[in-house]
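Chains as they are written, first to last, in our numbering: chain W, -18 to 208; chain F, 1156 to 1514.
Don't be surprised by glycine CBs; every beta carbon is placed ideally from N, CA and C.
Here the structure is a predicted model, which is why all the values come from computation and not from measurement.
See below for the structure under consideration.
Pasting the structure below:
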């Protein structure tokens, strides 16, 4: 009974964190940066953002005829991948920020706050919407970027331009790392994807339909009616 | 309180829109097999390639607008038009039982989770065609039209529709070996779905034509595979014009898009019918409102039918009405068909067609 109550309290707090993160509320940043217990709430936000974003882009899972169980597992996996990715991203931002603007601030506080920038992606499943979905996706990414900049501004007590420099250098460093040592990481990620979903996310609808049209399962028309 | 209601309504609308592609995606992934009709797609190879026996000159498949609730239930105004179409195209097989807003041809009142609710909406709409609840049908179907036009989902959605069209064609006697022309007549949302399905139907040996009646057309890649597309529109119809605004591939600044390439190849004709509205008085099917200044005193609906007849004649798909009338008079009672009074003028092209009273 107590566990159920704790669960609902957690959900309630999670909604509050999401709500305030979306508004870029400095009071939330204050709480998250000083309170270690907020880690679980930030993890919840990042996990939901990852799962929702994949739901929004799930057309590839459907095209590959991923079964329901694997579909759910894929969403969970993407939530976990988001947690790992944003942890690396948070550490990168914290290191750069502390290097350029030394403060008393604990690096883990910055990592936690960076996780809040995923809050808009909780609406990632709206990317499913026909025609305007991809546009919504871009808006959500811009919103997340703005939260990230405001987090850096708050965390290191710097102005907009300095915050943009930290984020920019962080992005450059991540790109560099991905190109230098990213290959084995991506290979590992792809193997896990294959295991869970039975597919990678690399092919688009047209490719897969073309492959499928050559298989025996294809509907009559797709196999071609030409003489 | 009102703010929360508005936010709630928007949220509901967004969630509904996000769920719109699920029916076709679920169908493709094999998650849902309900409502799938068994048909003669399973014709034996020998049957499918056998020489045609008594096939009509062409097949005209009517894909209704977003107001359709199933393959056999359209808004009332469309029935006189469809009867007129059958009368004017006596050598064609007119097919109306494809429901273009479901990949499995499963109407809203068919085997579905919410079929009871849709049945109630249908009853209400029969009592009052302008019922607000009827708008839910339009909303649901409009979202499916956007699914068809979306490059992410279109290849799946349009495949489902093309397969249903093919299945119904076979059911109605179509045999690929006969190579009879297939004409997709798409009204409103049906216009977009026609060009989407054409991408797959083009695999058949028959020429594939699309006539769009006030269709909200995107720059669907299916256009490039068509034999020809005629887009009929009215100047008082802003909905059909939306296609040219919402889809960047139709903007003149995108010359390599499927739409602009097909346009450049001369395989799209845009024909203005006059001051036609999308809905209500003076729409494409209106058999009561007379055209202003029409020498023959026709109604909007009659001119639409005339134009379709002219297009098909001009394309060489049917006899000129005069010859046809003579032939039919010899074979049937004189009152079986209305005999057109004027000789047809070429229906080809363009914006100026509206000014030509003979069309």
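Can you check which of these residues, the options, is closest to residue i by C-alpha distance?
i: residue 148(W); options: 159(W), 160(W), -17(W) and 134(W); result: 134(W)
i: residue 65(W); options: 178(W), 177(W), 186(W) and 166(W); result: 166(W)
i: residue 1398(F); options: 1435(F), 1350(F) and 1439(F); result: 1350(F)
i: residue 113(W); options: 1368(F), 1285(F), 1308(F) and 1178(F); result: 1308(F)
i: residue 1333(F); options: 1454(F), 1456(F), 1156(F) and 1214(F); result: 1214(F)
i: residue 1379(F); options: 1362(F), 1392(F), 1368(F) and 1371(F); result: 1362(F)
i: residue 1221(F); options: 1368(F), 1404(F) and 1278(F); result: 1368(F)
i: residue -5(W); options: 18(W), -17(W), 115(W) and 39(W); result: 18(W)
i: residue 1427(F); options: 1290(F), 1282(F), 1439(F) and 1417(F); result: 1439(F)
i: residue 1219(F); options: 1407(F), 1465(F), 1413(F) and 1316(F); result: 1316(F)
i: residue 1232(F); options: 1266(F), 1176(F), 1163(F) and 1433(F); result: 1433(F)
i: residue 1392(F); options: 1436(F), 1458(F) and 1286(F); result: 1436(F)
i: residue 1270(F); options: 1454(F), 1292(F) and 1329(F); result: 1292(F)
i: residue 1252(F); options: 1267(F), 1285(F) and 1223(F); result: 1223(F)
i: residue 170(W); options: -15(W), 8(W) and 55(W); result: 55(W)
i: residue 105(W); options: 1454(F), 1305(F), 1359(F) and 1173(F); result: 1173(F)
i: residue 138(W); options: 155(W), 24(W), 163(W) and 83(W); result: 83(W)
i: residue 1388(F); options: 1382(F), 1372(F) and 1318(F); result: 1372(F)
i: residue 1390(F); options: 1212(F), 1278(F) and 1425(F); result: 1425(F)
i: residue 1184(F); options: 120(W), 48(W), 21(W) and 70(W); result: 48(W)
Mind reading off the beta-carbon distance from residue i to residue j? Whole number of angstroms is fine, and I expect it under 8 Å.
i: residue 151(W); j: residue 74(W); result: 5 Å
i: residue 1473(F); j: residue 1158(F); result: Rounded, the Cβ-Cβ distance is 59 Å, inconsistent with contact.
i: residue 128(W); j: residue 100(W); result: 6 Å
i: residue 1352(F); j: residue 1311(F); result: Between residue 1311(F) and residue 1352(F) the Cβ distance is about 12 Å, and since that is not below 8 Å, they are no contact.
i: residue 1216(F); j: residue 1337(F); result: 7 Å
i: residue 97(W); j: residue 2(W); result: 4 Å
i: residue 1328(F); j: residue 1210(F); result: 6 Å
i: residue 1236(F); j: residue 1456(F); result: 5 Å
i: residue 51(W); j: residue 177(W); result: 6 Å
When DSSP labels each residue in this structure, what does residue i get in the three-state scheme?
i: residue 0(W); result: helix
i: residue 1168(F); result: helix
i: residue 1426(F); result: strand
i: residue 1278(F); result: helix
i: residue 1473(F); result: coil
i: residue 1454(F); result: strand
i: residue 1383(F); result: strand
i: residue 69(W); result: helix
i: residue 1225(F); result: strand
i: residue 1365(F); result: strand
i: residue 1214(F); result: strand
i: residue 110(W); result: coil
i: residue 1163(F); result: helix
i: residue 1482(F); result: Since pLDDT at residue 1482(F) reaches only 46, below the 50 mark, its modelled position is unreliable, and no value is offered.
i: residue 1357(F); result: coil
i: residue 120(W); result: helix
i: residue 1342(F); result: strand
i: residue 1431(F); result: strand
i: residue 1247(F); result: strand
i: residue 1253(F); result: coil
i: residue 1332(F); result: helix
i: residue 1438(F); result: strand
i: residue 27(W); result: helix
Please return the same chain residues whose Cβ sits closer than 8 Å to the Cβ of residue i, not counting the five positions on each side in sequence.
i: residue 28(W); result: 60, 61, 63 and 64
i: residue 160(W); result: none
i: residue 186(W); result: 40, 41 and 44
i: residue 1417(F); result: 1378, 1379, 1381, 1384 and 1423
Near residue i, which residues of its chain fall below 6 Å by C-beta distance, leaving aside the five closest residues on each side in sequence?
i: residue 1195(F); result: Confidence in residue 1195(F) is poor, its pLDDT being 43 and thus under 50, which makes the residue's placement too unreliable to answer from.
i: residue 1193(F); result: Confidence at residue 1193(F) is low in this model, with a pLDDT of 49, below 50, so its placement is unreliable and the value that follows should be read with caution. Correct list: empty, nothing qualifies.
i: residue 1254(F); result: 1225, 1226, 1260 and 1262
i: residue 1357(F); result: 1363 and 1380
i: residue 90(W); result: 14
i: residue 34(W); result: 102 and 105
i: residue 6(W); result: none
Name, please, each residue of chain A whose Cβ falls closer than 8 Å to the Cβ of residue i.
i: residue 47(W); result: Protein chains in the displayed structure are W and F, and chain A is not among them.
Starting from the C-beta of residue i, find all residues in its chain whose C-beta is less than 7 Å away, skip the five residues before and the five after it, and write them out in chain order.
i: residue 218(W); result: The question about residue 218(W) has no answer, for chain W in this structure spans -18 to 208.
i: residue 1376(F); result: 1354 and 1413
i: residue 67(W); result: 27, 95, 96 and 99
- Query: For the region 1156 to 1178 of chain F, which residues have a CB atom closer than 9 Å to at least one CB atom of chain W, in sequence order?
  - Reply: The region 1156 to 1178 of chain F vs chain W, Cβ under 9 Å: 1169, 1170, 1172, 1173, 1174, 1175, 1176 and 1177.
- When Cβ atoms are compared, which residues of the region 1274 to 1308 of chain F fall closer than 9 Å to chain W? So the close ones are 1298, 1299, 1300, 1301, 1302, 1303, 1304, 1305, 1306, 1307 and 1308.
- Taking any Cβ of chain F, which residues in the region 81 to 112 of chain W have a Cβ under 7 Å from it, in chain order? 106, 107, 109, 110, 111 and 112
- Item | Interface positions of the region 1458 to 1479 of chain F facing chain W (Cβ-Cβ less than 7 Å), listed along the chain | none
- Task: Mind checking the region 1401 to 1416 of chain F against chain W and listing, in chain order, the residues whose C-beta falls within less than 9 Å of any C-beta there?
- Result: 1401 and 1402
- Query: Which residues, taken in chain order from the region 1366 to 1392 of chain F, show a beta carbon closer than 8 Å to some beta carbon of chain W?
  - Reply: So nothing in the stretch comes that close.
- Message: Residues of the region 1213 to 1224 of chain F in Cβ contact with chain W at a cutoff of 8 Å, in chain order, please.
- Response: none
- Query: Relative to chain F, which residues along the region 124 to 137 of chain W have a C-beta separation below 8 Å, given in chain order?
  - Reply: Residues: none.
- Message: Please list, in chain order, the residues of the region -4 to 14 of chain W that have any C-beta partner in chain F closer than 9 Å.
- Response: none
- Query: For the region 1418 to 1429 of chain F, which residues have a CB atom closer than 7 Å to at least one CB atom of chain W, in sequence order?
  - Reply: none
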